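Structure first, commentary second.
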Amino acid sequence: MDKKLIFYLSVVLLFGQSYASDGNFCYTRVTKYAAQRYCSSYSWWNWWCWSHSYRTASNGYSMKKMCCPGYQGSDCATPICNPACTQGYSCASPNVCKPDFIPVTPKPPVQDW
């Protein structure tokens, strides 16, 4: 793999930042790259460029919207429990299982005759 590509990917991984925002959505900063033309061979007597090459260079940043850690789904409203909740429990928030609601009917009062 090209050393420059590895370097650029390392920079993205080291300096990529996540920003929490509204609800369960987070935003991460992504570096944009573009091909850049440069002179790879000059003449000695008048500094004219004999040949050109291309390299990948940083071309700014953009923000990518994604689910915050522990959430999934198109609206990022579904929490993820790992390990999964057992039967009778549901995932209430990331890695938090709560018992399912079971309505309890009140017993009629006992009458002594």
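For the sequence shown, the positions run -20 to -1, 1 to 93 when mature numbering (1 follows the signal peptide of the UniProt record, and there is no 0) is used. Cβ coordinates follow ideal geometry from the N, Cα and C atoms, glycine included. As the structure is a computational prediction, the values presented were derived from the model and not from experiment.
In whole angstroms, what separates the C-alpha of residue i from that of residue j?
i: Ala15; j: Trp27; result: 23 Å
i: Phe81; j: Thr8; result: 37 Å
i: Trp24; j: Tyr34; result: 22 Å
i: Gly53; j: Tyr41; result: 25 Å
i: Ser38; j: Pro63; result: 40 Å
i: His32; j: Tyr13; result: 19 Å
i: Met43; j: Val84; result: 49 Å
i: Gln67; j: Cys61; result: 13 Å
Compute the beta-carbon to beta-carbon distance between residue i and residue j, rounded to the nearest angstrom, for a pair I have assumed lies under 8 Å.
i: Tyr51; j: Pro74; result: 7 Å
i: Cys56; j: Cys65; result: The Cβ separation is near 19 Å, so there is no contact.
Going by C-alpha distance, which of the options is nearest residue i?
i: Pro59; options: Gln67, Pro49 and Gly68; result: Pro49
i: Asn4; options: Ala64, Cys47 and Cys19; result: Cys47
i: Ser20; options: Tyr13, Lys45 and Trp30; result: Trp30
i: Lys45; options: Lys12, Cys6, Thr11 and Val10; result: Cys6
**Request:** Could I get the ranges of all uninterrupted beta strand (DSSP E) runs contained in the segment 59 to 89, with 3 residues as the minimum, in chain order?
**Result:** 69 to 73 and 76 to 79
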